[in-house]
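J.:
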Amino acid sequence: PHTEKELLRGFEQIANEKMAEAIRRISVAKGFDPADYALLAFGGAGGLHACRIAELLHIDTIILPYDGGLLSAYGMGQAQVERLAERQILRLLEDCQAELPALLEQLNNQTIQQLQAEGFPPEDIAIRHAWAYLRFRGQDSTLEIECHDPGQLEEGFRHYYERLFGHWPEGRPIEVESLKVVAASQEQPINRTEAPQQTYRPEPQGQIAGTAFPVFHWDELRAGAAIEGPALLLNPSSTAFVEPGWRLLLYEGKNAVLELQKEKGRQAQNLKETIELELFTNRFTAIAEEMGAQLQRTAFSVNIKERLDFSCALLDADAELLVNAPHIPVHLGSLGICTRLVLEKLKLGPGDVVITNHPKYGGSHLPDVTLLSGIFTDEGELIGYAVNRAHHAEIGGKRPGSMPPDATALAEEGVAIPPTYLARGGKVQWESVRALLGEAPYPTRAPEENLADINAALAALRTGEAALQKLVKSCGRQKVKHYMAQLKALAADSLQDALRPWHGRIFEAEERMDDGRPLQVRIAITEENISIDFTGTGAPHPHNLNANISIVYSAVIYVLRLLCRKEIPLNEGLMQRVKIELPESFLHPRFEDDARRCPAVVGGNTEVSQRLVDTLLKAFGLAACSQGTMNNFLFGNARFGYYETIGGGAGAGPGFCGRSAVHQHMTNTKITDPEELEFRYPVRLCRFARRAGSGGEGKYRGGDGIIRELEFLAPMEVTILSQHRVERPYGMEGGESGRAGEQFLIRKSGSVEPLRGVDSAEAGAGDRIVIETPGGGGWG
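First residue of the sequence shown? That's 1 in our numbering, and the numbers climb one at a time after it.
1. Could you have a look at A286 and say whether DSSP puts it in helix, strand or coil?
2. At the level of alpha carbons, what is the spacing between I275 and P34?
3. Taking three-plus beta-carbon pairs below 8 Å as touching, is the stretch 78-85 in contact with the stretch 56-67?
4. Let's test the definition: count the other Cβ atoms within 10 Å of the Cβ of C686 and tell me whether it reaches 16, buried, or not, exposed.
5. With a 10 Å radius around its C-beta and 16 neighbouring C-beta atoms as the bar for buried, classify Q269 as buried or exposed.
6. Roughly how many angstroms lie between the CA atoms of L461 and S494, to the nearest whole one?
7. Here's the rule: buried if 16 or more other CB atoms are within 10 angstroms of the residue's CB, otherwise exposed. What is H365?
8. To which residues of the same chain is G265 closer than 8 Å at the C-beta, ignoring the five residues directly before and after it?
9. Following a CB-centred definition, is Q88 positioned closer than 7 Å to any heavy atom of the ligand NAD?
10. Which of the three DSSP states, helix, strand or coil, is assigned to G336?
11. Using only the alpha-carbon positions, how far apart do E592 and V353 sit?
12. Compare the beta carbon distance of A416 and S301 with 8 Å and say whether it is the shorter of the two.
13. Report the residue from I287, A183, Y66 and L71 whose alpha carbon sits nearest the alpha carbon of T193.
14. Below 7 Å CB to CB, which residues in the same chain sit around Y553 once its five sequence neighbours on both sides are set aside?
15. Is it right to say N109 is buried, meaning 16 or more other beta carbons lie within 10 angstroms of its own, or is it exposed?
16. Spatial neighbours of P754 within its chain, please: C-beta separation below 6 Å, excluding the five flanking residues on both sides.
17. Buried or exposed, going by whether 16 or more other CB atoms sit within 10 Å of the CB of F633?
18. Run through DSSP, which three-state label would C170 get?
19. Just to confirm before moving on: does the CB-CB distance between V718 and A765 stay below 8 Å?
20. Would you mind listing the alpha helix (DSSP H) stretches within the stretch 414-493 that are 4+ residues and don't spill past its ends, in chain order?
21. Among residues of its own chain, excluding the 5 on either side of A793, which ones have a beta-carbon nearer than 6 Å to its beta-carbon?
22. Please work out which residues of its chain come closer than 6 Å, Cβ to Cβ, to H541, disregarding the five sequence neighbours upstream and downstream, and give them in chain order.
23. If you measure between the beta carbons of L499 and I525, is that distance less than 8 Å?
24. Which same chain residues, not among the five before or five after F280, have their C-beta less than 6 Å away from its C-beta?
25. Quick one: complete beta strand (DSSP E) runs, 3+ long, within the stretch 699-734?
26. Here's the rule I'm using: 16 or more other beta-carbon atoms within 10 Å means buried, otherwise exposed. How should A539 be labelled?
27. Where do the ends of the beta strand (DSSP E) carrying C312 lie?
28. Give the DSSP-derived three-state secondary structure of V323 in the structure shown.
29. Rounding to the nearest angstrom, what Cα-Cα distance links A516 and E17 in this structure?
30. If you drop the 5 nearest sequence neighbours on each side, which residues of the same chain put their C-beta closer than 8 Å to that of P329?
31. For the putative contact between L351 and A423, defined by C-beta atoms under 8 Å, what is the C-beta separation to the nearest angstrom?
32. Go ahead and pull the three-state DSSP assignment for G265.
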């Protein structure tokens, strides 16, 4: 039996715990520890719960405004009234700079007139801000530059750009996107809060009947009043309760600050190891995500800005993958391998940046250009590495888009860049990179776009470097290093937990590429390790369906991550007890530095990686086969190359149907918006639809594929690179296979020409291509 008061107190405690848990989860997920901050309590009843919630959040300080019960309304009353005016310019700075002062004057007058019309006298109005929004021509994102003197705009833009990105690209025209002016009414006086010089203990003005709680009336206290809990503090708009163990001090301006008294409060100030590990995990992840956001903001190409075909990651000081943003799995698992292979060839010091796309050094295929840099403390101690990989839709090769289906050597696919310094000691070597992009026999068709995207990737590295250095300065290098190791250990332990029921078992599977080449795997699981043996896989491919060790690594680490039951970042802790047997095959051909003597690889990254995941999932019996391809579709001419991957059906599994019309497994890109596609390229999107009925039947049905139809408005070279055009995506546990994909050209005359899964063709104006992607397999 409980009294009503006890029940209410219990409900209050539950509500407070739920609220505190929500706050903690949100904060920790963003990498913030609530214990590092003060709790601001507002609302009429906010002060009643503040102490309890602060204790649950391990917060020691509470700020209690006098006007907490009126906070929003009070703030609105104190706020300045602002009016803004803006004008789109969209002209080069050098062409319009002389006109900018007059345009700014017009905007100034416009905002002032708006405020005068609302009753503000001219003497109470001031221009608060004047901004110009500048960017390099071709970019979407702008930088906000103060514009009180238009003659200083270029200097201000350069200063801000160098501070943000660490370098300045010479010779690029600057565009003025727009101007904006803000005028404001006179600023209201602010009631400043200052700590009192002296304190005193006030006498209570009353007591709550039936309790020992003294009552204090806020308006009758003066600055310096010190009140020990338990106590009630009242004013006309709010009530606060000072819990036992807390001390309230009234500041100048009537606002109060509460401090938890250490001898009476909780003893342990440090968060538990698990919570702190979660905090650091999210802090590391947030850095990788900000790197990705920076890369997208500053890139020029559709492939990076719109399709998001890039990945960013942080590696630890051992050059092992630590965390990544949720980007492209086929990139992510290979970044550690790539970095370690590069470091065998080149040393990385402070300010050094290396660029590469060569498969011998962990590059996935030539369009994927990797940048990596070491991150050091001010004393020169290595903290870790920042890495990104971005797909360039054009990097040279025999055909536009750099994916020739008939290539037999790496040199035919484009410009191969061995590990090369992009920057030494902070100085960027643009001319050497430009020279690389122009190398024969097949130089890039879009060198300026390549350089612009490399510039964006470099800016992303600088962002990651600055953020990790800031974290180390805040928390200490040893602590950061400790949680890097703990994060990898968590991944290793999570995988061991997931595999424990399978100790002593052997799993085998075989899949075939569309040309009949076998993919074979044998997985043996013991208490000590996992052995993954690809013996029996087909010989190196005569054309471009060759992978490399980094692709195999990506597929393996991805599937092992699927086995884990915990929410952990993809990291190389998963590989600590994994042994891979990889004989020479189309998964692991021999590579030379000379691109003319290397096998072609462009389909190894996109297609072999997907089929390798098919095979591994089949061995473990986790799910039916998904579409198992990226449906690489390319078109272009001598001036440009466009590239996209197209989704399809996902495989069903025990207890779930497969998703329709979606990317899965090793790719995670968006597709270009129709408006952007048609604006930038001479094509028309005729149809983009679900391919109804293409998923395999079963108790749980496989997802359907996609139908994509484009009309060409100018002559084009067209390339398709895909799989599951012959071999159908397998079903499991009695479920049916998904339908294979197909594609064909509809000529302007109306004739239909089928295309193979790996094929190319010449298309004329008025011709259309139809691509129907595979469905996923059914289950049961």
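From the three backbone atoms N, C-alpha and C, an ideal C-beta is built for every residue, glycine too.
T.: Looking at the atomic coordinates:
1. Counting from 1 along the sequence shown, the entry for residue 286 is found at position 286. A286 carries a helical assignment under DSSP once its states are collapsed to helix, strand and coil.
2. By 1-based counting over the sequence shown, the position of residue 275 is 275. By 1-based counting over the sequence shown, the position of residue 34 is 34. Approximately 11 Å between the Cα atoms of the pair.
3. Per the Cβ contact rule, the stretch 78-85 is not in contact with the stretch 56-67 (fewer than 3 Cβ pairs under 8 Å).
4. Residue mapping note: residue 686 aligns to position 686 of the sequence shown, counting from 1. It is exposed - the Cβ of C686 has fewer than 16 other Cβ atoms within 10 Å.
5. To locate residue 269, count along the sequence shown from 1; it is residue 269. At Q269 the pLDDT is 44, less than 50, meaning the model places this residue with poor confidence; the figure from the coordinates comes in the next sentence. Exposed, because fewer than 16 other Cβ atoms sit within 10 Å of the Cβ of Q269.
6. In the sequence shown, counting from the first residue as 1, residue 461 sits at position 461. In the sequence shown, counting from the first residue as 1, residue 494 sits at position 494. Inter-residue distance for L461 and S494 is about 30 Å (C-alpha atoms, whole angstroms).
7. Here residue 365 is taken as the residue at index 365 of the sequence shown, counted from 1. That one is buried.
8. On the sequence shown, position 265 is the one that residue 265 refers to. Residue confidence for G265 is low, a pLDDT of 40 falling below 50, so the modelled location carries little weight and cannot support an answer.
9. Ligands in the displayed structure: none, and consequently the ligand NAD is not present.
10. In the sequence shown, the residue the question calls residue 336 occupies position 336. Reduced to three states, the DSSP call for G336 is helix.
11. On the sequence shown, residue 592 is found 592 positions in, with the first residue counted as 1. On the sequence shown, residue 353 is found 353 positions in, with the first residue counted as 1. Cα-Cα distance, rounded: 23 Å.
12. As a first step, residue 416 is located in the sequence shown; it is residue number 416 there, counting from the start. As a first step, residue 301 is located in the sequence shown; it is residue number 301 there, counting from the start. It is not a contact, given that the beta carbons lie outside the stated cut-off.
13. To locate residue 193, count along the sequence shown from 1; it is residue 193. The residue among I287, A183, Y66 and L71 with its C-alpha nearest the C-alpha of T193 is Y66.
14. Taking the sequence shown and counting its residues from 1, the one referred to as residue 553 is at position 553. Closer than 7 Å at the Cβ level, and outside the excluded window around Y553, lie G333, S334 and I337.
15. In the sequence shown, counting from the first residue as 1, residue 109 sits at position 109. The residue in question, N109, is exposed, as its Cβ has fewer than 16 Cβ neighbours within 10 Å.
16. Residue numbering aside, residue 754 sits at position 754 when the sequence shown is read from its first letter. Excluding sequence neighbours, P754 sits near F744.
17. What you label residue 633 is simply residue 633 of the sequence shown in a count that begins at 1. Buried is the call here.
18. Stepping through the sequence shown from its first residue, residue 170 is reached at position 170. Per the sequence presented here, residue 170 reads as Glu, with Cys not at that position. Coil at E170, not helix or strand.
19. Against the sequence shown, residue 718 aligns to sequence position 718. Against the sequence shown, residue 765 aligns to sequence position 765. No, they are not a contact pair.
20. Runs found: 430-437 and 447-475.
21. A question about residue 793 goes unanswered here, because the residues of the chain that appear run from 1 up to 780.
22. Translated into positions along the sequence shown, residue 541 becomes position 541. Within the same chain, H541 has close Cβ partners F586.
23. As a position in the sequence shown, residue 499 is number 499, starting the count at 1. As a position in the sequence shown, residue 525 is number 525, starting the count at 1. Cβ distance < 8 Å, so L499 and I525 count as in contact.
24. Position 280 of the sequence shown, counted from the start, is the residue given in the question as residue 280. Answer for F280: Y483, listed in chain order.
25. Fully enclosed beta strand (DSSP E) runs of no fewer than 3 residues occupy 705-712 and 716-721 of the stretch 699-734, in order along the chain.
26. Working through the sequence shown from its first residue, we reach residue 539 at position 539. Exposure of A539 is indicated by the presence of fewer than 16 other C-beta atoms within 10 angstroms of its C-beta.
27. As a working mapping, residue 312 is identified with position 312 in the sequence shown. Where C312 is concerned, the enclosing beta strand (DSSP E) stretches over F310 to D316.
28. One-based indexing of the sequence shown puts residue 323 at position 323. V323 falls in the strand class under three-state DSSP.
29. Sequence index remark: in the sequence shown, residue 516 carries index 516 (1-based). Sequence index remark: in the sequence shown, residue 17 carries index 17 (1-based). Residue 516 is actually Gly in this sequence, not Ala. Their backbone Cα atoms lie some 60 Å apart in a straight line.
30. Here residue 329 refers to the residue found at position 329 of the sequence shown. So the list reads S554, Y558, L570, H665, M666, T667 and N668, once near-sequence residues are dropped.
31. By 1-based counting over the sequence shown, the position of residue 351 is 351. By 1-based counting over the sequence shown, the position of residue 423 is 423. It should be noted that the sequence gives Gly, not Leu, for residue 351. Right, their Cβ atoms sit about 6 Å apart.
32. Along the sequence shown, read from residue 1 onward, the residue named residue 265 stands at position 265. Legend: pLDDT at G265 = 40, less than 50; position of this residue unreliable, value from coordinates given subsequently. Reduced to three states, the DSSP call for G265 is coil.
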